[in-house]
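**Student:**
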């Protein structure tokens with residue numbers, strides 16, 4: 312299904328995004344984002360979302376869709392469409408149970424492989440289901456995340472109900488560790504603060520998560536503050 316979305320936007324050197332949306336239940340629609348990385352004529356889609364004909368044509372004009380990257384276990388509804396239509400390689404971690412298609416072509420983490428040069432995957436090691444991030448080492452570093460780290464400067468592409476309730480359920484207009492994600496992904500008796508401390512060993516200045524808005528500058532500091540807010544007793 313194609314949900315409301317915007318146009319192609321350039322956010323870096325041969326890096327683009329499309330902001331869209333998805334229904335999380337019959338009455339609430341929230342934002343969703345897709346990252347697009349171009350290397351020569353090859354296109355990599357990060358957290359893919361399906362597009363209308365007009366914007367898909369613009370996507371195809373950038374180059375050939377070669378790679379699909381699923382960073383989070385709770386995403387994937389549109390991955391089979393791209394895998395089938397473009398015969399693109401599907402990058403994903405093993406073990407996710409929410410969306411089990413398409414078949415994984417390249418397991419994230421296998422041999423240090425990445426879909427584009429000057430990039431690396433970050434793996435959360437202790438979460439209940441698999442979750443990754445992708446660091447693109449262009450410009451001053453762009454970090455792509457799924458549900459783990461999110462940033463909101465506004466609630467565009469969310470419907471009126473989502474805009475009303477999001478500030479009250481853990482999604483204020485700032486950078487945060489996804490509260491529902493943290494609850495669902497943390498094993499009993501375990502803290503994930505060490506995972507985020509490892510992530511903060513990366514260097515980046517921009518952030519594009521699968522929900523919310525693009526943060527073009529100051530992302531490292533914003534993420535560090537978000538981690539401290541999520542783990543006040545543990546983060547030193």
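Numbering (our numbering), first residue to last: 312 to 547.
Even glycine gets a Cβ: it sits at the ideal position worked out from N, Cα and C.
Given the structure is predicted, the values throughout are model-derived calculations rather than measurements.
Is residue 498 buried or exposed, if buried means 16 or more other CB atoms sit within 10 Å of its CB?
**Tutor:** exposed
**Student:** Along the chain, where does the alpha helix (DSSP H) containing residue 434 start, and where does it finish?
**Tutor:** For residue 434, there is no enclosing alpha helix (DSSP H); the enclosing beta strand (DSSP E) covers residues 430-434.
**Student:** Measure how close the beta-carbons of residue 457 and residue 346 come, nearest whole angstrom, since I'm counting them as under 8 Å.
**Tutor:** About 10 Å separates the two Cβ atoms, so there is no contact after all.
**Student:** Kindly indicate the opening and closing residues of the beta strand (DSSP E) around residue 477.
**Tutor:** First-last for residue 477: undefined, no H or E at that position.
**Student:** Please identify the residue among 515, 437, 380 whose C-alpha is closest to the C-alpha of residue 413.
**Tutor:** Of the listed residues, the one whose Cα sits closest to residue 413 is 380.
**Student:** Which whole-angstrom value is the C-beta distance of residue 462 and residue 524, which I expect to be below 8 Å?
**Tutor:** 6 Å
**Student:** Near residue 392, which residues of its chain fall below 6 Å by C-beta distance, leaving aside the five closest residues on each side in sequence?
**Tutor:** 361
**Student:** Going by other Cβ atoms of all chains shown within 10 Å of its Cβ, with 16 needed for buried, is residue 544 buried or exposed?
**Tutor:** exposed
**Student:** Measuring only from the beta carbon, is residue 423 closer than 8 Å to any heavy atom that is part of the ligand SAH?
**Tutor:** Absence of the ligand SAH from the depicted structure is noted, as is the absence of any ligand whatsoever, leaving it without description.
**Student:** Is residue 385 buried or exposed, if buried means 16 or more other CB atoms sit within 10 Å of its CB?
**Tutor:** buried
**Student:** In the structure shown, what three-state DSSP assignment does residue 355 receive?
**Tutor:** Strand.
**Student:** Would you report the Cα separation of residue 378 and residue 387, rounded to the nearest angstrom?
**Tutor:** 14 Å
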